[in-house]
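Visitor:
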Amino acid sequence: MTDLLRTPLHDLHVEMGGKMVPFAGHEMPVQFAGIMAEHQQTREKAGLFDVSHMGQVIVSGGDWDRIAAGFEGLVPMDVLGLSKGRQRYGLFLDESGGILDDLMFANRGDHLFVVVNAACKDADIAHMKATLEPDLTVAPVTDRALMALQGPAAEAVLAELNPAAAEMLFMDVATLDLAGIEAWVSRSGYTGEDGYEISVPAAQAETLARKLLAHDDVAPIGLGARDSLRLEAGLCLYGHDIDTDTLPAEAGLSWAIQKARKAGGAREGGFPGAEAVLAQLAEGPASKRVGLRPQGRAPMREGVELFAAETGGAAIGRITSGGFGPTVGGPVAMGYVPAELGAPGTVVHGELRGKRLPLEVTKLPFVAANFKR
Amino acid sequence: MKYTEEHEWLDADGDLVTVGITAHAAEQLGDVVFVELPEVGSEVSKDDEIVVIESVKAASDIMAPLDGEIVEVNEAIVDEPGKVNEDPEGEAWFFKIKASDLSPMDDYMDEAAYKDFIG
């Protein structure tokens, strides 16, 4: 794994018995105690995730309104209406409205703080630099680690280091002093649980991680459980559930496009692919992303083709994420089906090892979110 | 006890051979969540994929290590796949095969050779 990048927490992962694997150009822990145990740990207490491979970017230049107006040219979100100290889920789109990446962006007063997916980071930065007006500066943050503390105990754990953490609500962002370390904290995550994402200077990341892990309720969590947690939470994984072939509405992400940017809104359109994106929003997509519960015990994973009937007919869609849901206690999946087969309760069939097995279309998420709103 | 490169163990009593996966394989697979076993009475050929085993991470197949007839399968691991992680070389055996040709047994590894094989 010589060509792979290492995060500031690499040595700590190895020390804690993390099984290291290549992921998006980085050497990352896929598991520590085991995926099932780590999953339950996060749902029941708290888990600490290293997400330093993700891209952290600062967009600055001028006041908030200038930055926000510029960024609105890149995303179909209401950026101008985002209050200071608040974060929003966003999408970068191509000229056809296909999704280039999904991201989080926050109003941190004099700048916009963006967190993007590891595999898309270089392309996203190039896209921002190429598309934003030259008076705005796009600065990758390369000297900070990013970790996530997730689970019902996360608030109490972080509040021991700074009581202000408990005062934050879901999608709030703040700069907090955590044991003397300057941390950029957001109350968000990728597990469906309450929790925080914490950006800290690389040199102090291990110190903070050790402090958090010293708490009885916290254990290290690898990429394996991160995937099963987000799947149960119904959250998209870029490159699997969403990509340049999917538009926001069919991906079930219409909620992420605020009124101001939709047809008839104060700042309608004005983002890449606006025509196609708004047309699909208005007319409804031909196919859509849905939750799927295999009726048997066999997990159905990404790539399994879906059929309307048990025999005959062409494929109508495919599974884009799937596996075993430890909290659900059975197999869970997400995939695309024609809109007319997208109502909860509809039964479709997935072809697994030559056999068509039934799946029921299910509302997402599979496990109710536990956010502090 | 004999071992295959596919990480199966074979415990022969005459031509009746009990087959399971090794502790090393179970550990590599991680938490097992699904097992599909062959039908009792089915005739299988060596290298047929006759068992599907899925962990939280991935799906994998187990091949018939010998030609023969499946005479018994362990339904307990279908009901509780987690047993494969708990006791892979004991209670969580997979199937028993009445071998029609035991000669491949000579090529399979003994315990010392298997230990070397997995390093």
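From first to last, the protein sequence lines are chains H and C.
Counting with full-length UniProt numbering, you get residues 1 to 373 for the letters of the first sequence.
Counting with full-length UniProt numbering, you get residues 1 to 119 for the letters of the second sequence.
Heads up, the beta-carbon is just placed ideally off N, CA and C, and yes, glycines get one too.
#1: With 16 as the cutoff for other CB atoms within 10 Å, does Phe94 of chain C come out buried or exposed?
#2: Is there at least one Cβ from chain A nearer than 8 Å to Ile181 of chain H's Cβ?
#3: What is the rounded straight-line gap between the Cα of Ala225 of chain H and the Cα of Arg267 of chain H?
#4: Identify whether Thr246 of chain H lies in helix, strand or coil by the three-state DSSP scheme.
#5: Find the residues of chain C that neighbour Ile35 of chain H, judging by a C-beta separation of less than 9 Å, and give them in chain order.
#6: Sort out for me which residues DSSP pairs residue 380 of chain H with in a bridge.
#7: With 16 other CB atoms within 10 Å as the buried threshold, where does Glu39 of chain C fall?
#8: According to a CB-to-CB cut-off of less than 9 Å, which residues of the region 11–31 of chain H neighbour chain C?
#9: Can you say whether Arg373 of chain H is buried or exposed, counting buried as having 16 or more other CB atoms within 10 angstroms of its CB?
#10: Find the nearest neighbour of Ser102 of chain C within the set C:Gly90, C:Glu86, C:Asp67 and C:Ile77, judged by alpha-carbon distance.
#11: Pick from H:Gly97, H:Ala145 and H:Gly109: whose alpha carbon is nearest that of Ala118 of chain H?
#12: Give a yes or no on whether the minimum CB-CB distance between Phe366 of chain H and chain C is below 8 Å.
#13: Which residues in chain H sit within 7 Å of Glu89 of chain C, going by Cβ to Cβ distance?
#14: Give a yes or no on whether 8 Å exceeds the smallest Cβ distance from Val52 of chain C to chain H.
#15: By the 10 Å Cβ neighbour count, where 16 or more other Cβ atoms means buried, how is Thr311 of chain H classified, buried or exposed?
#16: Does the Cβ of Gln31 of chain H lie closer than 7 Å to at least one heavy atom of the ligand GTP?
#17: In whole angstroms, what separates the C-alpha of Glu351 of chain H from that of Ala76 of chain C?
#18: Going by other Cβ atoms of all chains shown within 10 Å of its Cβ, with 16 needed for buried, is Phe117 of chain C buried or exposed?
#19: Gly224 of chain H versus chain C: which residues are under 8 Å apart at the beta carbon?
#20: Is the Cβ of Phe94 of chain C closer than 8 Å to any Cβ of chain H?
#21: Alpha carbon to alpha carbon, how far is Arg289 of chain H from Gln280 of chain H? Give it in angstroms, no decimals.
#22: Just to confirm before moving on: does the CB-CB distance between Ala205 of chain H and Pro8 of chain H stay below 8 Å?
#23: Check for me: the alpha helix (DSSP H) holding Ala156 of chain H runs from which residue to which?
#24: Have a look at Val173 of chain H and Gln40 of chain H and give me their C-alpha separation to the nearest angstrom.
#25: Residues in its own chain within less than 6 Å of Gly180 of chain H by CB, not counting five upstream and five downstream?
#26: Compute the Euclidean distance between the alpha carbons of Leu357 of chain H and Arg297 of chain H, then round it to the nearest angstrom.
#27: Just to confirm the assignment, what range does the beta strand (DSSP E) spanning Ser60 of chain C have?
#28: Kindly indicate which residue of H:Glu133, H:Trp64, H:Asp94 and H:Gly151 has the alpha-carbon position closest to the one of Asp110 of chain H.
#29: Taking Val173 of chain H as part of the beta strand (DSSP E), name the residues at either end of that continuous run.
#30: Quick check for students: name the residue ranges of the beta strand (DSSP E) that lie wholly in the region 83–121 of chain H, counting only runs of 3 or more.
#31: Taking CB distances under 8 Å as the criterion, tell me whether Glu36 of chain C reaches chain H.
#32: Flag Phe324 of chain H as yes if its beta-carbon sits less than 8 Å from any beta-carbon of chain C, otherwise no.
#33: On the criterion of 16 or more Cβ atoms from any shown chain inside 10 Å, does Arg187 of chain H qualify as buried, or is it exposed?
#34: Got a sec: which bits of the UniProt domain "Aminomethyltransferase C-terminal" (288–367) of chain H sit with their beta carbon under 8 Å from any beta carbon on chain C, in order along the chain?
#35: Name the two residues that bound the continuous beta strand (DSSP E) containing Asp13 of chain C.
#36: What number of angstroms, rounded off, separates the C-alpha of Glu305 of chain H from the C-alpha of Leu341 of chain H?
Guide: A quick look at the data gives this:
#1: It counts as buried.
#2: Absent from the structure is chain A; the protein chains it does hold are H and C.
#3: C-alpha separation (whole angstroms): 40 Å.
#4: In this structure, Thr246 of chain H counts as coil in the three-state DSSP scheme.
#5: Ordered by position in chain C, the residues that pass the 9 Å Cβ test against Ile35 of chain H are Gly30, Asp31, Ser55, Val56 and Lys57.
#6: Any property of residue 380 of chain H remains undetermined from this structure, which presents chain H solely from 1 to 373.
#7: Counting other Cβ atoms within 10 Å of its Cβ, Glu39 of chain C stays below 16 and is therefore classed as exposed.
#8: Across the region 11–31 of chain H, CB contacts with chain C closer than 9 Å involve Val30 and Gln31, in sequence order along the chain.
#9: Exposed: under 16 other Cβ atoms inside 10 Å.
#10: The question names Ser, yet the displayed sequence has Leu at residue 102 of chain C. Residue C:Asp67 is the option with its Cα nearest to Leu102 of chain C.
#11: Ranking H:Gly97, H:Ala145 and H:Gly109 by Cα distance to Ala118 of chain H puts H:Ala145 first.
#12: Proximity of Phe366 of chain H to chain C, defined by a Cβ-Cβ separation below 8 Å, is not satisfied.
#13: Correct list: empty, because the minimum Cβ distance to chain H is about 19 Å.
#14: Yes, Val52 of chain C lies at the interface with chain H (some Cβ there is under 8 Å from its Cβ).
#15: It is exposed - the Cβ of Thr311 of chain H has fewer than 16 other Cβ atoms within 10 Å.
#16: What this structure holds is no ligand at all, so the ligand GTP is not there to describe.
#17: Roughly 26 Å separates the two Cα atoms.
#18: Taking all protein chains in view, the Cβ of Phe117 of chain C is surrounded by fewer than 16 other Cβ atoms within 10 Å, so the residue is classified as exposed.
#19: Taking a Cβ-Cβ threshold of 8 Å, the residues of chain C close to Gly224 of chain H are Gly30, Val56 and Lys57, in chain order.
#20: Not one beta carbon of chain H lies nearer than 8 Å to the beta carbon of Phe94 of chain C.
#21: Linking Gln280 of chain H to Arg289 of chain H through their CA atoms gives a straight-line distance of about 14 Å.
#22: The answer is yes: Cβ separation under 8 Å.
#23: For Ala156 of chain H, the enclosing alpha helix (DSSP H) has its first and last residue at Ala154 to Leu161.
#24: Distance between the alpha carbons of Val173 of chain H and Gln40 of chain H: 27 Å.
#25: Nothing meets the Cβ criterion.
#26: C-alpha separation (whole angstroms): 10 Å.
#27: Taken as a continuous stretch (DSSP letters only), the beta strand (DSSP E) holding Ser60 of chain C covers Ala59 to Met63.
#28: For the residues H:Glu133, H:Trp64, H:Asp94 and H:Gly151, the minimum Cα distance to Asp110 of chain H belongs to H:Trp64.
#29: Taken as a continuous stretch (DSSP letters only), the beta strand (DSSP E) holding Val173 of chain H covers Val173 to Leu178.
#30: Runs of beta strand (DSSP E) with 3 or more residues, each lying fully within the region 83–121 of chain H, are found at 87–93, 99–107 and 112–116, listed in chain order.
#31: So yes, Glu36 of chain C belongs to the interface.
#32: So, interface residue.
#33: By the neighbour-count definition (other C-beta atoms within 10 Å, threshold 16), Arg187 of chain H is a buried residue.
#34: Of all residues in the UniProt domain "Aminomethyltransferase C-terminal" (288–367) of chain H, those with a C-beta nearer than 8 Å to a C-beta of chain C are Arg297, Ala298, Pro299, Arg301, Gly323, Phe324, Pro326, Pro331 and Arg353, reading in chain order.
#35: Element bounds for Asp13 of chain C: Glu8 to Asp13.
#36: For Glu305 of chain H and Leu341 of chain H, the distance between alpha carbons rounds to 15 Å.
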